[in-house]
Amino acid sequence: MRNRRWFDGRERAGNVLPLRPMRTAVGAGALVLVVACLPERDLASYAAGLPLQVSSPAISLEREDGGAGDSPAVPPSSDAGPGPADVAPAAPPPARLACRQECDCELRGARDFMLCGTPITFALAADRCERAGGTLVSIEDAAENTWLSQRMAALAEDDYWASGTDAEDEGVWRWADGRVFYDEAADAASNLGFAAWDEGQPNDLNGEDCMRVIGGLWRDLDCGEEIAYACEQ
Ligand SMILES: [Ca+2]
Ligand SMILES: [Ca+2]
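Residue numbers for the sequence shown follow our numbering, beginning at 8 and rising by one.
Here it is in structure tokens:
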């Protein structure tokens with residue numbers, strides 16, 4: 008044993024008890040013997056065979072193989088076999104939207120979605136998405152289009168604002184980040200990105216400039232209409 012100190016550095020050799028050896032999978036089959044220094048208040052529990060509290064800050068575990076210092080506290084809960092294998096550190100969780108109370112928020116892959124059934128105008132929906140830390144959704148492929156429609160249908164109805172708009176250039180449809188995803192003047196070969204326009208849409212009827220998804224199909228709609236909306240981050 009390289010040392011017998013508590014976390015605060017005090018010598019506690021007089022109260023050190025070796026724990027039962029614990030087998031812990033480290034690397035390629037290395038066997039690590041874990042011992043612990045127990046504070047006096049835990050000695051009685053240990054002697055009685057009671058489980059120690061994992062969260063006890065006073066439990067100091069060491070590796071005798073010269074490993075990197077104190078290990079995280081591990082309870083000597085079992086000596087009947089190998090312990091759990093070391094787990095690689097998890098990737099940081101995706102950023103989350105500040106979910107509004109009336110909405111459903113759900114991670115899908117690395118993106119967070121906020122699905123809201125409250126019917127409001129396109130501009131107000133875009134503002135609420137922005138306040139939550141995101142934008143109205145940009146629909147990248149058929150699977151996402153289907154997923155969003157199913158989720159919106161479960162929440163309220165499958166009739167909602169996405170971020171597409173041609174308000175800036177009539178007939179040139181852009182997502183919230185400025186990407187053009189559909190140009191009405193271009194031939195079909197130039198519109199290679201995913202689109203799911205309903206038959207005869209977009210038709211700019213009375214100056215429609217905002218993208219509505221209804222039943223999984225896209226239409227342009229008067230931006231002042233009030234429908235549900237879906238945000239993403
Ligand atoms: Ca238009
Ligand atoms: Ca239309």
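Virtual Cβ for every residue (Gly too), placed ideally from N, Cα, C. Given the structure is predicted, the values throughout are model-derived calculations rather than measurements.
Top-ranked residue by Cα proximity to residue i, from the options
{"i": "GLN240", "options": "ARG138, GLU191, ARG226, VAL220", "result": "ARG138"}
{"i": "ALA130", "options": "PRO101, ARG115, SER170", "result": "SER170"}
{"i": "GLU233", "options": "GLY124, ARG181, ALA102", "result": "GLY124"}
{"i": "THR128", "options": "ASP166, ARG103, ALA149, SER156", "result": "ASP166"}
{"i": "GLU206", "options": "VAL220, TRP182, MET159, GLY141", "result": "VAL220"}
{"i": "ASP173", "options": "ALA192, ALA98, GLY140", "result": "ALA192"}
{"i": "ARG103", "options": "PHE120, ALA95, CYS110, VAL94", "result": "PHE120"}
{"i": "TRP182", "options": "SER145, ARG118, GLY140", "result": "SER145"}
{"i": "SER197", "options": "CYS110, VAL187, LEU155", "result": "VAL187"}
{"i": "VAL134", "options": "ASP227, ARG107, GLU177", "result": "A quick correction: the sequence has Asp, not Val, at residue 134. Cα-wise, what sits closest to ASP134 is ARG107."}
{"i": "GLN157", "options": "LEU122, ARG118, GLU109", "result": "LEU122"}
{"i": "LEU228", "options": "GLY214, ASN152, GLU175", "result": "GLY214"}
{"i": "GLY178", "options": "ARG226, TRP154, ASP148", "result": "ARG226"}
{"i": "ASP184", "options": "GLU147, ASN152, GLU109", "result": "GLU147"}
Residue-chain proximity (residue i, chain B), Cβ-Cβ < 8 Å
{"i": "ASP166", "result": "The chain labelled as chain B is not found in the depicted structure, where only one protein chain is given."}
Expected contact under 8 Å - CB spacing of residue i and residue j to nearest Å
{"i": "LEU114", "j": "ALA237", "result": "Wrong, their Cβ atoms sit about 14 Å apart, outside the cutoff."}
{"i": "GLY140", "j": "ALA105", "result": "6 Å"}
{"i": "ALA132", "j": "TRP168", "result": "5 Å"}
Between the CA atoms of residue j and residue i - distance to the nearest angstrom
{"i": "GLY116", "j": "GLY200", "result": "21 Å"}
{"i": "ASP211", "j": "MET218", "result": "11 Å"}
{"i": "PRO100", "j": "ALA163", "result": "28 Å"}
{"i": "LEU224", "j": "GLN208", "result": "9 Å"}
{"i": "TYR189", "j": "ALA98", "result": "35 Å"}
{"i": "MET159", "j": "ALA150", "result": "14 Å"}
{"i": "TRP180", "j": "PRO96", "result": "42 Å"}
{"i": "CYS244", "j": "ARG118", "result": "In the structure as shown, the chain begins at 8 and stops at 240. Residue 244 is therefore absent and cannot be evaluated."}
{"i": "VAL94", "j": "PRO126", "result": "45 Å"}
Closer than 7 Å: residue i CB and nearest ligand 2 heavy atom
{"i": "ASP227", "result": "yes"}
{"i": "GLU233", "result": "no"}
{"i": "GLU243", "result": "In the structure as shown, the chain starts at 8 and stops at 240, and residue 243 therefore has no counterpart that could be examined."}
Any non-hydrogen atom of ligand 3 within 7 Å of residue i CB
{"i": "LEU212", "result": "Absence of ligand 3 is noted for the structure shown, with ligand 1 and ligand 2 being the only ligands found."}
Cβ-heavy atom distance, residue i to ligand 1, below 7 Å
{"i": "PRO126", "result": "no"}
{"i": "PRO209", "result": "yes"}
{"i": "ASP173", "result": "yes"}
{"i": "GLU151", "result": "no"}
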